[in-house]
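K.L.:
Per our numbering, the sequence shown starts with residue 94, numbered consecutively.
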Amino acid sequence: MQRYKMNDTYALVTGSSSGIGLEIARLLALRGYSLLLVSNEAEKLLLLKTEFEMNYQVKVATLYLDLSYHHAAQEVFNYCQQETIEVEVLVNNAGFFFFGEVTSVDIYQAKQKIQLHVLTTSLLCTLFGNEMKKRRKGFILNNSSIAAYKAFPGIAYYGATKAYISSFTRSLRTELRYYDVWVTCLCPGATATNLYDPHVINVDLGKKLGIMMSAEKVAKLGVEGLFRNKAVVIPGLVTRLLLFFSLITPQWVIYAIRKRTKFLK
Numbered sequence: 094m095q096r097y098k099m100n101d102t103y104a105l106v107t108g109s110s111s112g113i114g115l116e117i118a119r120l121l122a123l124r125g126y127s128l129l130l131v132s133n134e135a136e137k138l139l140l141l142k143t144e145f146e147m148n149y150q151v152k153v154a155t156l157y158l159d160l161s162y163h164h165a166a167q168e169v170f171n172y173c174q175q176e177t178i179e180v181e182v183l184v185n186n187a188g189f190f191f192f193g194e195v196t197s198v199d200i201y202q203a204k205q206k207i208q209l210h211v212l213t214t215s216l217l218c219t220l221f222g223n224e225m226k227k228r229r230k231g232f233i234l235n236n237s238s239i240a241a242y243k244a245f246p247g248i249a250y251y252g253a254t255k256a257y258i259s260s261f262t263r264s265l266r267t268e269l270r271y272y273d274v275w276v277t278c279l280c281p282g283a284t285a286t287n288l289y290d291p292h293v294i295n296v297d298l299g300k301k302l303g304i305m306m307s308a309e310k311v312a313k314l315g316v317e318g319l320f321r322n323k324a325v326v327i328p329g330l331v332t333r334l335l336l337f338f339s340l341i342t343p344q345w346v347i348y349a350i351r352k353r354t355k356f357l358k
């Protein structure tokens with residue numbers, strides 16, 4: 094695999110201890126970026142620090158933090174200021190998923206999702222985007238979803254927060270383009286990660302059927318799109334087809350899906 098020249102600047106990746114975030118971090122390490130890995134999984138962060146420093150010969154800083162905490166974005170920024178970490182690449186990947194109708198979801202989980210997907214993501218873009226704007230150089234990759242494009246029952250909180258990320262990223266891209274800061278929105282479909290409850294979704298079966306993409310492939314297309322200055326990356330033909338058919342699905346079909354979906358009742 095191609096290796097790039099070592100870079101003195103950092104790539105900050107949230108949700109980097111597993112799934113798409115982990116694979117994005119690997120690819121950025123291969124490009125020579127030092128890494129700031131942010132996650133709420135302390136043991137995995139320590140293991141990844143050792144692995145990345147050994148395998149990719151890059152500097153790795155880790156920050157154990159729950160990004161659904163209301164002051165999380167400011168704490169990440171303060172940490173970078175204290176440690177003199179210059180972030181050239183910001184990857185807002187952290188997120189979580191649950192099924193549940195609006196009237197029955199756990200209130201605490203709902204607050205966490207809104208804080209993480211909407212507020213923390215936005216404020217990290219504000220804080221680090223301002224630094225990039227001053228330097229007239231930087232890259233921001235925000236992880237949304239094709240769920241942003243169509244409202245389905247059972248994922249109202251997830252879909253709405255992802256729709257916010259997509260809209261926010263489009264506006265941010267327009268605002269920062271004149272300062273040589275590239276902003277890309279990654280909109281994957283179902284991806285084979287630990288995001289899903291195994292009692293509800295069979296990830297292995299999804300991969301075998303070709304419905305779910307691997308995290309490695311999604312990350313590769315996302316990083317390539319970012320460094321090619323693409324506005325939006327929808328990875329994979331199957332994902333694009335699923336999006337197309339979801340957009341033309343009549344509302345009566347969605348009502349029928351809701352009626353026959355047992356775990357939403």
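The beta-carbon is built from N, C-alpha and C at its ideal position, and this holds for glycine as well.
(1) Span of the alpha helix (DSSP H) holding cysteine 173?
(2) Going straight from the alpha carbon of leucine 314 to that of arginine 321, what length do you get?
(3) Quick check for students: name the residue ranges of the beta strand (DSSP E) that lie wholly in the segment 178 to 252, counting only runs of 3 or more.
(4) I'd like the list of long-range same chain contacts for serine 237, defined as Cβ closer than 6 angstroms, with 5 residues on each side in sequence excluded.
(5) Can you tell me which of the three DSSP states serine 260 falls into?
(6) Alpha carbon to alpha carbon, how far is glycine 252 from threonine 102?
(7) Any idea if asparagine 148 is buried or exposed, counting beta-carbon neighbours within 10 angstroms, 16 or more meaning buried?
(8) Can you tell me the Cβ-Cβ gap for lysine 323 and valine 274, rounded? I've got them flagged as a contact below 8 angstroms.
(9) Excluding the five sequence neighbours on either side, which residues of its own chain have a C-beta within less than 8 angstroms of the C-beta of lysine 137, listed in chain order?
(10) Using the Cβ count rule (16 or more neighbours within 10 Å means buried), how would you classify glutamate 116?
(11) Can you tell me whether DSSP reads tyrosine 149 as helix, strand or coil?
P.N.:
Put simply:
(1) Walking along the sequence shown from the start, residue 173 turns up at place 80. Residues 165 to 175.
(2) Numbered from its first residue, the sequence shown carries residue 314 at position 221. Numbered from its first residue, the sequence shown carries residue 321 at position 228. Whole-angstrom Cα-Cα distance: 10 angstroms.
(3) 180 to 185 and 231 to 236
(4) For the purposes of this step, residue 237 is taken as the residue at position 144 of the sequence shown. The answer, listed in chain order, is Lys255, Ile258, Ser259, Cys278 and Cys280.
(5) Indexing the sequence shown from 1 puts residue 260 at position 167. Serine 260 falls in the helix class under three-state DSSP.
(6) Taking the first residue of the sequence shown as 1, we reach residue 252 at position 159. Taking the first residue of the sequence shown as 1, we reach residue 102 at position 9. In a straight line, the C-alpha of glycine 252 is about 34 angstroms away from that of threonine 102.
(7) Your numbering for residue 148 matches position 55 in the sequence shown. Under this definition asparagine 148 is an exposed residue.
(8) Along the sequence shown, read from residue 1 onward, the residue named residue 323 stands at position 230. Along the sequence shown, read from residue 1 onward, the residue named residue 274 stands at position 181. Going by Cβ atoms, the distance from lysine 323 to valine 274 rounds to 14 angstroms, so no, they are not a contact pair.
(9) Numbered from its first residue, the sequence shown carries residue 137 at position 44. If you ignore the 5 residues before and after lysine 137, its C-beta comes within less than 8 angstroms of the C-beta of Ser110 and Ser111, all in its own chain and listed in chain order.
(10) Indexing the sequence shown from 1 puts residue 116 at position 23. Taking all protein chains in view, the Cβ of glutamate 116 is crowded by 16 or more other Cβ atoms within 10 Å, so the residue is classified as buried.
(11) The count along the sequence shown starts at 1 and reaches residue 149 at position 56. The answer is helix: DSSP assigns tyrosine 149 an H, G or I state.
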